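K.L.:
Dumping the structure here so I can ask a few things about it.
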DNA sequence: GATTTATGCCTTGACCTTCTATATGTGCCA
DNA sequence: TGGCACATATAGAAGGTCAAGGCATAAATC
């Protein structure tokens, strides 16, 4: 997996990560796969973006991490959502909703828009 | 007009500006008003974000600027879209579409998502 | 008419945050 | 031995915010 570009606007990545982690404990590498699959290849997060993001989220107390074993017997750092993280997820999801609606309104503007 | 926060993810502002300018020549101040109104107050771009963005877009050749007079007799810098700018607008609008769909897919994930 | 105040309109510079690129390290498995 | 799964660190660019400042017109006050 060669992770090229994601073209995610800054700030969006956190939301997506929180969402994926909310589904159950996962390690970083799996998060990226999950995002790739679920978005049908549109969201491809390079490791250099993913891991710093995870660290930030952990530092902010939104995620908690612990080492554990993968099904295939490897060590990996599993993340789960804290209570604070869940609240943040809801907040960011709502914000995203608001934003996309607003942008949508703007993109539909035509010459007559009061 | 006290412009507080806009909370736009980075990279989105360009798209919105290009869109507004595409409707006809406008000056910066009016662009901000337009965005505010059209988004019903959700998108409030502070001047410190707006003007640097305009300068960047001009430097990239997507906008062309010239001083002119406002209807009320003031001097203002009017921006219009270049051919290159119009192409970029279409490109970014399509990208935004793609992105929102992808994010939407991810946000709808539940435990069963393959 | 003169003075203040508000408002329209533009600019810039220092700072912070996030994304990217890149390089490096380790254990598993073929 | 090599490749893959999984992680880390560092440095840099880009975009956004704040804060401050400047200037012109208009409205309000005296």
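Protein chains in written order, with the numbering used here: chain A, 32 to 145; chain B, 32 to 145. Even for Gly, the Cβ is constructed at its ideal location relative to N, Cα and C. Quick caveat: nothing in here was measured; it's all calculated off a predicted structure.
1. Which chain B residues are close to residue 50 of chain A, counting only those with a beta carbon under 7 Å from its beta carbon?
2. Would you verify that the beta carbon of residue 103 of chain B is, or is not, closer than 8 Å to some beta carbon of chain A?
3. Mapping the DSSP letters down to three states, classify residue 59 of chain B as helix, strand or coil.
4. Count the CB pairs spanning the segment 39–51 of chain B and the segment 98–105 of chain B that are closer than 8 Å, and state whether there are at least three.
5. Terminal residues of the continuous beta strand (DSSP E) containing residue 106 of chain B?
6. Does any C-beta atom of chain B lie closer than 8 Å to the C-beta of residue 134 of chain A?
7. Return yes when the Cβ of residue 94 of chain A is within less than 8 Å of the Cβ of residue 52 of chain A, no when it is not.
8. In the DSSP assignment, find the alpha helix (DSSP H) that holds residue 79 of chain A and state where it starts and stops.
9. Rounded to whole angstroms, what is the Cα-Cα separation between residue 106 of chain B and residue 61 of chain B?
10. Tell me, please, whether the CB atom of residue 129 of chain A is closer than 8 Å to any CB atom in chain B?
11. Quick check: residue 77 of chain B and residue 110 of chain B, are their CB atoms within less than 8 Å of each other?
12. I want to verify the contact list: residues of chain B whose CB lies under 8 Å from the CB of residue 38 of chain A, in sequence order.
13. From the DSSP secondary-structure annotation, give me the bridge partner or partners of residue 100 of chain B.
14. With a cut-off of 8 Å, do at least 3 Cβ pairs link the segment 82–90 of chain B to the segment 120–140 of chain B?
15. Chain B beta carbons: is any one of them nearer than 8 Å to that of residue 54 of chain A?
16. Checking the sheet assignment: what are the DSSP bridge partners for residue 94 of chain A?
17. On the three-state DSSP scale, how would you describe residue 75 of chain A?
18. Which same chain residues, not among the five before or five after residue 113 of chain A, have their C-beta less than 8 Å away from its C-beta?
19. Between the Cα of residue 108 of chain B and the Cα atoms of B:115, B:89 and B:121, which residue gives the shortest distance?
20. Kindly say whether residue 93 of chain A, judged by its beta-carbon, lies nearer than 8 Å to any beta-carbon of chain B.
21. Which word fits residue 59 of chain B, buried or exposed, when buried means at least 16 other C-beta atoms lie within 10 angstroms of its C-beta?
22. Have a look at residue 124 of chain B and residue 48 of chain A and give me their C-alpha separation to the nearest angstrom.
23. Report back the beta-carbon spacing between residue 54 of chain A and residue 140 of chain B to the nearest angstrom; my notes put them in contact at under 8 Å.
24. What does the Cβ neighbour count give for residue 72 of chain A, buried or exposed, with the cut at 16 atoms within 10 Å?
P.N.:
To lay it out plainly:
1. Taking a Cβ-Cβ cut-off of 7 Å, the neighbours of residue 50 of chain A in chain B comprise 137, 138 and 140, given in sequence order.
2. Taking 8 Å as the threshold, the shortest C-beta distance from residue 103 of chain B to chain A does not fall below it.
3. Under the three-state reduction of DSSP, residue 59 of chain B is assigned to helix.
4. Under the Cβ criterion (8 Å, minimum of three pairs), the segment 39–51 of chain B does not count as touching the segment 98–105 of chain B.
5. Residues 106–112.
6. So, interface residue.
7. Cβ distance < 8 Å, so residue 52 of chain A and residue 94 of chain A count as in contact.
8. Residues 78–90.
9. Straight-line Cα distance between these residues: approximately 13 Å.
10. By this cut-off, residue 129 of chain A is an interface position.
11. No, they are not a contact pair.
12. Under the 8 Å cutoff, chain B gives 126 and 130.
13. For residue 100 of chain B, the beta-bridge partners assigned by DSSP are B:106.
14. Result no; under three Cβ-Cβ pairs closer than 8 Å.
15. It does; some Cβ of chain B falls within 8 Å.
16. Residue 94 of chain A pairs with A:112.
17. Coil at residue 75 of chain A, not helix or strand.
18. These residues qualify, in order along the chain: 92, 93, 94 and 95.
19. That would be B:89, whose Cα lies nearest to the Cα of residue 108 of chain B.
20. No, no contact with chain B.
21. It is buried - the Cβ of residue 59 of chain B has at least 16 other Cβ atoms within 10 Å.
22. Their backbone Cα atoms lie some 24 Å apart in a straight line.
23. The beta-carbon distance between residue 54 of chain A and residue 140 of chain B, rounded to whole angstroms, is 6 Å. This is short enough to meet the 8 Å contact definition.
24. Its Cβ having fewer than 16 others within 10 Å, residue 72 of chain A is exposed.
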